[in-house]
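Chemist: Quick one: structure below, then a few questions.
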Amino acid sequence: MPDSPGRSDTPDAPAVPDATAATGSAAAPAASAAQAGGPLLSATGLRKSFRVAGGNGGKADLTALDGVDLHVGRGETLGLVGESGCGKSTLARVLLLLERPDAGTVRFEGTDPFALRGRDLLKWRRRVQMVFQDPFASLNARMSAADIIGEPWRTHRDAAPADRDQRVRELLDLVGLRPGDARRYPGEFSGGQRQRLGIARALALGPELIVCDEPVSALDLSVQAQVLNLLADLQQRLGVSYVFISHDLSVVRHVADRVSVMYLGKVVEHGPTESVFERPLHPYTAALMSAAPSLGAARSGRRILLSGEIPSPLDPPSGCRFRTRCRQATDLCAETPPAPAEVREHHETLCHFPLEGAPAGA
1 MPDSPGRSDT
11 PDAPAVPDAT
21 AATGSAAAPA
31 ASAAQAGGPL
41 LSATGLRKSF
51 RVAGGNGGKA
61 DLTALDGVDL
71 HVGRGETLGL
81 VGESGCGKST
91 LARVLLLLER
101 PDAGTVRFEG
111 TDPFALRGRD
121 LLKWRRRVQM
131 VFQDPFASLN
141 ARMSAADIIG
151 EPWRTHRDAA
161 PADRDQRVRE
171 LLDLVGLRPG
181 DARRYPGEFS
191 GGQRQRLGIA
201 RALALGPELI
211 VCDEPVSALD
221 LSVQAQVLNL
231 LADLQQRLGV
241 SYVFISHDLS
251 VVRHVADRVS
261 VMYLGKVVEH
271 GPTESVFERP
281 LHPYTAALMS
291 AAPSLGAARS
301 GRRILLSGEI
311 PSPLDPPSGC
321 RFRTRCRQAT
331 DLCAETPPAP
341 AEVREHHETL
351 CHFPLEGAPA
361 GA
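Numbering (full-length UniProt numbering), first residue to last: 1 to 362.
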């Protein structure tokens, strides 16, 4: 990884300046912020199903989330990993109040955001923002950088700065772009610069939590490193928390403090990043780790091959969701859903027969 987190993907871009002036909030080191009080965000027992077209022209329920728990501390990053269709994006939409769960609770500093209305809800939305996957589609090509960054202030008028032009320049500077870029349009920026512009927009209201949905997957590898380092630098300066969704395990290992692994709408493993990556407890996690080229190269073990396809969320297996692809499944796995078990300190798994903690592929 490059050691210049504040640099743009142009050679002569300015370094990231002091964050306090740009956001109006004191910079707080991530470690200190994460230790203050309880979790910033927590979710318990989240369930969400969608009514979709079924067989014979009928309707069926697709279960996207099935009893998901999570928590995010101040100034920390929670990574969400899993194959496509496992429920990561639905979970993100619930946390952003874009979907209402069928069951379960979401708490932000102890408050249920789904119960908020009017101005209280508007104020809450300032505190949670999003960085999107596609830096090309997520920006309006007809708007200048200044208009894109200032767009949130048109909705949150009482949060708008007295000198908008000055704040736009500060935010551009904060993400490693030039203040003069305010007059440029998205088509004039590179992919990495566009994502920096999206990050500046997310920071405009001074959020405490940013949901990052595959924020670097559309970028070249060298640019990915720069954007990831920028996010880490902003977290260190501002104390902002991230929910970081990615299919790239090496990226998650680089940025996350803790990791939740999802499979068919359930969190099957959760724990500190190094513990999950070095000593996975769930067979699915071990298979994921062994299949990742960037991780497997550092291991002497073999790749763990899973049999069969991921079952349909329209008709998930009884008992353990993973049992149809698991080499160690027994009758118990088919009959009884596993309960979360803390096998190591702060490291839980949803498995009747957790692994001994050998390196993935060993």
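No residue lacks a Cβ here, since even glycine has one placed at the ideal position from N, Cα and C. Since the structure is predicted, the reported quantities are computational estimates derived from the model, not experimental observations.
(1) In terms of alpha-carbon separation, which member of L205, A287, L209 and L174 lies closest to Q193?
(2) How many Å lie between A22 and E170 at the Cα?
(3) For the stretch 98-183, list the alpha helix (DSSP H) runs that are entirely contained and at least 4 residues long, ordered along the chain.
(4) Taking Cβ positions, are residue 428 and D120 nearer each other than 8 Å?
(5) Go through its chain and collect everything with a Cβ distance to L281's Cβ below 7 Å, but skip five positions before and after it.
(6) Residue range of the beta strand (DSSP E) that R194 falls in?
(7) Tell me whether N229 is buried or exposed, calling it buried when 16 or more other Cβ atoms sit within 10 Å of its Cβ.
(8) Could you say which of P207, V259, F114 and G176 lies nearest to L98 if we only look at CA atoms?
(9) How big is the Cα-Cα spacing for H247 and Y263?
(10) Does the stretch 234-243 come within contact of the stretch 72-86, defined as at least 3 CB pairs closer than 8 Å?
(11) Using the beta-carbon count (16 or more within 10 Å), is F50 buried or exposed?
(12) Taking all protein chains shown into account, decide if E345 is buried (16 or more other Cβ within 10 angstroms of its Cβ) or exposed.
(13) Specify the secondary structure class of R279 as computed by DSSP and reduced to three states.
(14) Straight-line CA distance for E109 to L41?
(15) Measuring CA to CA, which of R303, C326 and S318 is closest to E309?
(16) If contacts are defined as beta-carbon pairs under 8 Å, then R127 and G150 qualify, I think. What distance do you get, rounded to the angstrom?
(17) Three-state secondary structure (DSSP) at T63?
(18) I'd like the ranges of any alpha helix (DSSP H) spanning at least 4 consecutive residues and lying wholly in the stretch 297-350.
(19) Rank R142, I148 and G54 by C-alpha distance to the C-alpha of A200 and give the top, closest one.
(20) Comparing alpha-carbon positions, which option in R125, Q226 and P316 lies nearest G85?
(21) Could you round the C-beta distance between E214 and Q328 to whole angstroms and report it? I think they count as a contact, below 8 Å.
(22) Between the Cα of P207 and the Cα atoms of D181, A159, F189 and L221, which residue gives the shortest distance?
(23) With a threshold of 6 Å on Cβ separation, who are the neighbours of L80 within its own chain once the five nearest residues in sequence on each side are excluded?
Modeler: Inspection of the coordinates gives the following:
(1) L174
(2) Bear in mind that a pLDDT of 43 at A22, under 50, signals an unreliable position, so the number given afterwards is only what the model happens to contain. If you take the alpha carbons of A22 and E170, they lie about 5 Å apart.
(3) 118-127, 145-155 and 164-174
(4) A question about residue 428 goes unanswered here, because the residues of the chain that appear run from 1 up to 362.
(5) E269, V343, H347, T349, C351, P354, L355 and G357
(6) Counting along the chain, R194 falls outside any beta strand (DSSP E), though it belongs to the alpha helix (DSSP H) covering G191 to L203.
(7) buried
(8) F114
(9) 12 Å
(10) yes
(11) exposed
(12) exposed
(13) coil
(14) 6 Å
(15) C326
(16) Not confirmed; about 19 Å, so no contact.
(17) strand
(18) 331-335
(19) I148
(20) P316
(21) So it is not a contact: roughly 31 Å between Cβ atoms.
(22) A159
(23) K88, I245 and S260
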